[in-house]
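Undergrad: Below you will find the structure I want to go over with you.
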């Protein structure tokens, strides 16, 4: 499997905060307000500006866009239809193509893309593993399950947010209640071990480099727990996924 890694050309932007409607309301396919539509457009334009800044430094190179984002996606993989920490965005790949003039692949899940990076990036924790669980606290909780070398789609198992477990495992909870968060994560991993055959658990995002947490969890479980050391894991995974799609 070829190595994938981040290059040296990078750029960053900050989004304006936006509080979306309650998740239950979004799951009922509620219409987006004008404020939400405006926030979505601002975010897309911000992303496009970042892309164009990087593109300007590669004037003689063919560039394709690979996109990964949090939130639930529609079946067409072109829209964020449920978002806990920002606006829902409709037609994200096509909007980016319109604003940048670059071809864009389908919209990926940031959790699966970050986990995929552990398979393909130098130093990834899943390069020799066929059955694993990736979990990473951030503004939400990223989860991905690998079985027989294939990543399961989100509809094949109940995610932590569907089980009412996400709030106590987000990055903010690890700051305010680290002991409680550790116990809750142990319970979630035990649940996954009951559901799946796992050779390894990888901690990402907020828990990257938290070797003490990984060591404690390993001592409590029948499965080794390790920390991710990758930077920009979701971007690496998205790039690999797009390359694999184009070569198929």
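Residue numbers (the working numbering): 2 to 249. We treat Cβ as the ideally placed atom computed from N, Cα and C, and that holds for glycine.
1) In whole angstroms, what separates the C-alpha of residue 142 from that of residue 11?
2) Between the alpha carbons of residue 17 and residue 67, how many angstroms are there, rounded?
3) Compare the C-beta of residue 28 with all C-beta atoms of chain B and state if any pair is closer than 9 Å.
4) Distance, Cα to Cα, residue 55 vs residue 224?
5) Since I believe residue 158 is in contact with residue 196 (beta carbons under 8 Å), could you give me their beta-carbon distance rounded to a whole number of angstroms?
6) For the beta strand (DSSP E) that residue 110 lies in, which residues bound it at each end?
7) Identify whether residue 81 lies in helix, strand or coil by the three-state DSSP scheme.
8) Which residue comes first and which comes last in the beta strand (DSSP E) that contains residue 227?
9) Taking the CB atoms as reference points, tell me whether residue 127 and residue 232 lie closer together than 9 Å.
10) Among the candidates 193, 199, 207, 160, whose CA atom is the shortest distance from the CA of residue 182?
11) Going along the chain, which residues of its own chain have a beta-carbon closer than 7 Å to the beta-carbon of residue 209, five neighbours each way excluded?
12) Pick from 244, 248, 236, 246: whose alpha carbon is nearest that of residue 119?
13) Hey, out of 121, 139, 41, whose CA is closest to residue 176's CA?
14) Taking the C-alpha atoms as reference points, what is the distance between residue 93 and residue 211?
15) Does DSSP put residue 190 in a helix, in a strand, or in coil?
16) How long is the line joining the alpha carbons of residue 218 and residue 30, rounded to whole angstroms?
17) Could you compute how far the alpha carbon of residue 15 sits from the alpha carbon of residue 222?
18) Roughly how many angstroms separate the alpha carbons of residue 174 and residue 85, rounded to a whole number?
TA: According to the data block:
1) 25 Å
2) 23 Å
3) The chain inventory of the structure shown lacks chain B, comprising one protein chain alone.
4) 41 Å
5) 6 Å
6) 105 to 110
7) DSSP places residue 81 within a strand segment (E or B) once states are collapsed to three.
8) 226 to 228
9) The answer is no: Cβ separation not under 9 Å.
10) Measuring from the Cα of residue 182, the nearest candidate turns out to be 207.
11) 228, 229, 230
12) 236
13) 139
14) 34 Å
15) helix
16) 38 Å
17) 39 Å
18) 16 Å
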